[in-house]
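Engineer: Residue numbers (the UniProt record's numbering): 1 to 1256. Think of the CB as a built atom: it goes at the ideal place given N, C-alpha and C, for glycine as much as any other residue. Just so we're clear, the structure is a prediction, and the values are computed from it rather than from any experiment. Just dropping this structure here.
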């Protein structure tokens, strides 16, 4: 019996394994023959198992049936379940193939029925490389061709290549049509396009981005079909969506119209269990069928139906602009923005709109003005028509008088947002915050008031404020800050809303504004407010009917125009709210608002009756402010590691910016580059911000500053006149002054007394937000970084025996902006305050716009491509040795330097990039360049071209050209008191050391920042006495850094016999560091050693062991030395790394898998960069990285030859690379845990057997 039991158990295991192996089988192995073979094998196993079971049952006694494990554990029943389940699996697969029949005899005729009916031919659509089409193509091709056993591989290859086009065809174009290449070709396509992650992301994005729908059968049907299509696609990708029902229902139901959602909620109200997707699908199908039936018998909706007002202030941060076509010129813009339409006469515009039956309010074609939901009005007469349709007889000029003072009347003083978008394009706003949503039978009136706000010059402006008792902080709109000319203080504040959740943005600035009551001149209060793009949507959302409320007729209202939609300039929080309240409260009828007496006047709030249908509103109001965790910005000082990728992959936006430049840039007849501004959308929202009025107000404030500083005014006027004389700025033609879509930029002066050429620079504020909260810079793409990092340029500059520097004259202004985009760069200016303000447009790339650096650098590099073909060396210098407009290069000889000067000047002049301020470390080269200038240029150009100062400031570095040394200098402002964390961080940020030449001094400041962070001090809290004493001592010592200098040239020449890099790393409890030196042996055999660069990092807050920190220092060194080697073009055999840690060397000597995860990962990183054989041991006293990890005072650093020249033995002819005799360690060794299972068998007693043969 035991033998049969064991046999049955073996059969059970075989059946179980058969099921498991079938699940694991690859999809391409699941064929008809494979499944049938497995089914036959399963049947044979089961037949044997059943036969044995029958024998066991016949021979087993009653006692055995009750006690034997075979019967107790129901082995037969368990195996039978396994058998049935696996057999079902196999039959289901065969059914999918269409081959299986319950009658085995019918298998030979399984195709006979298919020939009885002539089915349409199945065509496989061509695959072009579109990921969304891959799944359909793959399934069809696999079913009809790939798994068709009647076709040879060469035939399949022929069919496959014939069904490919576009990108997919290019991918396999090089593969010949042969039998052997078919599998390779199919595998290549499969690996490229079978990207489940990408396909699932596309499906999810399509599912989640469906728009809210209206009540119509087609909308509901489309929503349902798209949803099911996305879900089926996800299911086909193998994603388990069986538990997604409640999530899908929540998402899709939120997109339904109000009535449909109401019916769905009513259906669920009687049930407690969670709804399932199938029931929701059935509901939607029943809903759209009902609407189809109703729509079939209804007439065109009447005006009373359309009267329902719907206001949606919804912000979308990731939307693609709808493709629009102007009905006037048939180009890709709206008619409201059409320059050709705007140039037509009033009669022509009016007749065109009337003939085409366009809306007179928004100029759209899908409705009339009677049903227009556009709540704007004419900007000239405020009547209900578009500004372009304002009759000329009503007003002689659309341009307000620049000399007119701001009106004192309340109605004209309050700025209002005029919506200029069609009904399907909501008013733009920067707010992406929390909102309340609902269907309101009554309009809710919020408490608003008019106040007098004090400007920076002492005058007052009337602003509209919202009093919010539910806000802990006050807020002010950016447009109001600019109107008042307030000084902004940098802060970081997170805005929280309903539920206490943080919003998607933070306030970066705060201001202090003084407000006065219009009614009580003795009352004034200072308000500390955070700056936001905009406060809320216009309030109220639509114009209200003014009812007769007798109780309110005898009071003075704080906001006489409370019933008119308008912009909110300031939100006053609960702190201010309590200070303006006075005794007095009026409660009238239920349909009237509540009036509360305040020092600002009586404020009205509460629900009021409206004669219209229910209003659906989305109100966005910020309700809370918490100080952000500013300490997060300090984490860069003590992060464990930071790996910089070798090549940055362009983002989608950066690639779009590159495409725009390539497709739209051209050169004029002078060779100058002409560019289009890289807008994120085809319809930039900055056009609708009424920026002209804001720019004029800012200009008035600027003129007030000029009165206090006539010298700056004179220089400012000179720069503006230069713009006009050079043609960089042109007057706006009189017929274009009324262009309502033009964008105006305010401007201000930046005075730099240290500059030798332009001491006053004009900066144009393209970040000024219009009344809609959008600036020009918000709409512009920044573009990718194109030039090498500054540290790389300086490293290459130091390799040249003779240095050569220059810069480009007015680099940004050498690139022209296309005429169609110049109107986005308008400015206002007048030299005499008594004259009329004139309008100009900047026709060159403008300093202050987001894309200006990109355009300047991209155009410069394009010159190298277009004009540098004859001079490859010059082309490489233009691409690699410019940092913005500064050239830092060099040469081996004077003749070569003069050649570079001439060729660079020639090539860049062709692109209109003239060079100036040439300077070299070689006096002979300076004289020859000066002589060349005298022969070819005028006197003023000679003075501009040559710069012979002894100390030159270039890219933040002080270079003594006479001694050819780089000097380090620190210029901190006088210490301000009290000393706070903010002021300390500001001072430390001024310590500019891009290559780590004074790293032993700078590390002290990094460690001090960590101490500040650990102390928990607020940004504006005064330092504790011990921290203050430490900071003052360190700050005072920084003056000594001015004595530190290093050679500019690192003694590298083209004929050097040897050039190698030596890097050192070390760590202390507080920090870890790496430093790299270059060692050269020249043609005469002289040895030179020079410091190249160093990098330090603060140890993590979570304490690590010293060996671990030493290893992190080794990782830092491996990253740093490879970076230097790539810049200086030094091959790996000439790279050496040194550490004073024997444990680190022991870790590097074995495979990473030998160590714990922390150590193993870092060892793997190091060895992937530097081979273990290139690591050696150095004594701590000879390790310069030890100085950087522990810190030195500036006095100590200035005297340290170990830091500036490396250890003494680097200057010897032969270097001994040593390691400790024993580098074995068990520190951080990975422990391998093994679980041993043993089976003990009872020994058989020998005495039971009579003979030895039986025992054996």
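1. Report the option in 344, 388, 343, 340 whose CA atom is closest to the CA atom of residue 359.
2. Within the chosen definition, does the stretch 971 to 980 reach the stretch 1043 to 1051 through at least 3 CB pairs nearer than 8 Å?
3. Taking the alpha-carbon of residue 913 as reference, which of 809, 490, 993 has the nearest alpha-carbon?
4. Go through its chain and collect everything with a Cβ distance to residue 760's Cβ below 7 Å, but skip five positions before and after it.
5. Among 1071, 1160, 858, 267, which one has its Cα closest to the Cα of residue 674?
6. So, at 8 Å on beta carbons, what are the nonlocal neighbours of residue 305 in its own chain, with the 5 sequence-adjacent residues on each side left out?
7. List the endpoints of the continuous beta strand (DSSP E) containing residue 258.
8. Where does the unbroken beta strand (DSSP E) through residue 1220 begin, and where does it stop?
9. My assumption, with CB atoms under 8 Å, is that residue 951 sits in contact with residue 959. Please give the rounded CB distance.
10. In three-state DSSP terms, what is residue 730?
11. What residue from 563, 571, 1076, 583 has the CA that sits closest to residue 592's CA?
12. Distance, Cα to Cα, residue 776 vs residue 29?
13. So for residue 159, helix, strand or coil by DSSP?
14. From the DSSP secondary-structure annotation, give me the bridge partner or partners of residue 1175.
15. Does residue 174 come out as helix, strand or coil in the three-state DSSP assignment?
16. Taking DSSP as the reference, what is the three-state secondary structure of residue 221?
17. Note the first and the last residue of the continuous beta strand (DSSP E) segment covering residue 1121.
18. Relative to the C-alpha of residue 466, which residue among 840, 190, 1, 477 is closest?
19. Taking contact to mean 3 or more Cβ pairs, one atom from each stretch, closer than 8 Å, check whether the stretch 680 to 700 and the stretch 474 to 490 are in contact.
20. Identify, in the order they occur along the chain, each residue of the same chain with its Cβ nearer than 7 Å to the Cβ of residue 1085, setting aside the five sequence neighbours on each side.
21. Drop a sphere of 10 angstroms on the beta-carbon of residue 888, count the other beta-carbons inside from all chains shown, and report buried for 16 or more, exposed for fewer.
22. Taking the alpha carbon of residue 141 as the reference point, which residue from 123, 36, 15 has its own alpha carbon closest?
23. In or out: residue 620 buried (at least 16 other Cβ within 10 Å) or exposed?
24. My output table needs one value for residue 853: the three-state DSSP class, helix, strand or coil.
25. What residues match up with residue 1260 in a beta bridge as DSSP calls it?
26. Tell me the rounded alpha-carbon separation between residue 256 and residue 357.
27. I need the boundaries of the alpha helix (DSSP H) containing residue 826, first residue and last residue.
28. Buried or exposed for residue 1, going by 16 or more other Cβ atoms inside 10 Å?
29. Sorted by chain position, which residues of the same chain lie with C-beta nearer than 6 Å to residue 868's C-beta, five sequence neighbours on each side aside?
30. So, helix, strand or coil for residue 1269, using DSSP?
31. Give me the residue from 85, 59, 1021 with the minimum Cα distance to residue 23.
32. Could you tell me the alpha carbon to alpha carbon distance between residue 605 and residue 515, rounded to whole angstroms?
33. What does a CB cutoff of less than 6 Å around residue 134 pick up in its chain, not counting 5 residues either side in sequence?
34. Ends of the beta strand (DSSP E) at residue 1047?
35. Under the three-state reduction of DSSP, which class applies to residue 1059: helix, strand or coil?
36. Who are residue 1265's beta bridge partners in DSSP?
Structural biologist: Quick look at the numbers:
1. Ranked by Cα distance from residue 359, the options 344, 388, 343, 340 are led by 388.
2. Segments in contact, no.
3. Proximity to residue 913 across 809, 490, 993 peaks at 809, based on C-alpha coordinates.
4. Around residue 760: 712, 715, 716, 719, 749, 751.
5. The shortest C-alpha separation from residue 674 is found at 858.
6. Only weak support is given to the placement of residue 305: the predicted model assigns it a pLDDT of 34, under 50, and the question is left unresolved by the model.
7. Careful: residue 258 lies outside any beta strand (DSSP E), inside the alpha helix (DSSP H) at 258 to 268.
8. Premise fails: residue 1220 is in no beta strand (DSSP E) and is neither H nor E.
9. Their Cβ separation, rounded to whole angstroms, is 7 Å, which keeps residue 951 and residue 959 in contact under 8 Å.
10. Annotated three-state conformation of residue 730 is strand, per DSSP.
11. Distance check between residue 592 and each of 563, 571, 1076, 583 places 563 closest, using alpha-carbon atoms only.
12. Those two C-alpha atoms are separated by around 60 Å.
13. Three-state DSSP puts residue 159 in a helix.
14. Looking at the DSSP assignment, residue 1175 forms a beta bridge with 1137.
15. DSSP places residue 174 in coil when its eight states are reduced to three.
16. The answer is helix: DSSP assigns residue 221 an H, G or I state.
17. Premise fails: residue 1121 lies in the alpha helix (DSSP H), 1106 to 1128, not in any beta strand (DSSP E).
18. Considering only 840, 190, 1, 477, the residue with the shortest C-alpha distance to residue 466 is 477.
19. Yes, they touch.
20. Cβ within range, chain order: n/a, list empty.
21. Buried, since its Cβ has 16 or more Cβ neighbours within 10 Å.
22. Of the candidates 123, 36, 15, the residue whose Cα lies closest to the Cα of residue 141 is 123.
23. Since pLDDT at residue 620 reaches only 43, below the 50 mark, its modelled position is unreliable, and no value is offered.
24. Residue 853: helix per DSSP, three-state reduction.
25. In the structure as shown, the chain begins at 1 and stops at 1256. Residue 1260 is therefore absent and cannot be evaluated.
26. Distance from the CA of residue 256 to the CA of residue 357, rounded to the nearest whole angstrom, comes to 32 Å.
27. For residue 826, there is no enclosing alpha helix (DSSP H); the enclosing beta strand (DSSP E) covers residues 826 to 829.
28. Burial state of residue 1 is exposed, judged by a 10 Å Cβ sphere holding fewer than 16 other Cβ atoms.
29. By the criterion of a C-beta distance shorter than 6 Å, residue 868 is surrounded in its chain by 874, 875, 907, once the five residues flanking it on both sides are discounted.
30. Lying outside 1 to 1256, the shown extent of the chain, residue 1269 is not represented and no answer is given.
31. Taking only the C-alpha atoms, the option nearest residue 23 is 85.
32. Cα-Cα distance, rounded: 22 Å.
33. Cβ within range, chain order: 193.
34. Looking at the DSSP string, the run of the beta strand (DSSP E) that includes residue 1047 is 1045 to 1047.
35. In this structure, residue 1059 counts as strand in the three-state DSSP scheme.
36. The chain is shown from 1 up to 1256; residue 1265 falls before or after that span and cannot be answered.
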